[in-house]
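Reviewing the structure listed below.
Residue numbers (UniProt numbering): 1 to 118.
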């Protein structure tokens, strides 16, 4: 047997209000300029480090001969050259992220202007 729904049961079913999405950090924040500036400093340091490593990885040797021009050979140290390539690659990745940070910082709008567009 089924029973009819009484008024007490229908009062118990109250609709809950919709919850607003949590207010998290937005993409457009002016402090991104500081992050981009920090990354620019790290990029410069990585490039200097890469050049230093590359110069240590290439050794030129000169063997003198009597009556002839000296024999010049070049020796490559893979560990230094690999470190230089890794540092340069990391510098490029940080440069891309620095550009992204700057673009997000430039596109920052005041909250009133953002609300009036909606």
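Every residue gets a Cβ at the ideal spot worked out from N, C-alpha and C, and that includes glycine.
Are the Cβ atoms of residue i and residue j separated by less than 8 Å?
{"i": "residue 58", "j": "residue 76", "result": "yes"}
Kindly give me the distance between the Cβ atoms of residue i and residue j, rounded to whole angstroms, as I take these residues to be in contact under 8 Å.
{"i": "residue 60", "j": "residue 74", "result": "5 Å"}
{"i": "residue 36", "j": "residue 105", "result": "7 Å"}
By Cβ distance, which residues of its chain are closer than 7 Å to residue i, with the 5 residues on each side in sequence left out?
{"i": "residue 42", "result": "94"}
{"i": "residue 64", "result": "70"}
Looking only at its own chain, which residues have a Cβ that is under 8 Å from the Cβ of residue i, when we skip the five neighbours before and after it?
{"i": "residue 55", "result": "none"}
{"i": "residue 90", "result": "46"}
Could you give the DSSP three-state label for residue i: helix, strand or coil?
{"i": "residue 60", "result": "strand"}
{"i": "residue 32", "result": "helix"}
Taking 6 Å as the limit between beta carbons, can you name the residues of its chain near residue i, skipping five residues before and five after?
{"i": "residue 80", "result": "53, 56, 57"}
Would the C-beta of residue i count as close to the ligand SAM, meaning under 7 Å from any of its heavy atoms?
{"i": "residue 88", "result": "What this structure holds is no ligand at all, so the ligand SAM is not there to describe."}
Assess, as a yes-or-no matter, whether the segment 29-36 is touched by the segment 96-105 under the definition of 3 or more beta carbon pairs within less than 8 Å. Touching, yes, given that three or more Cβ pairs across the two stretches are closer than 8 Å.
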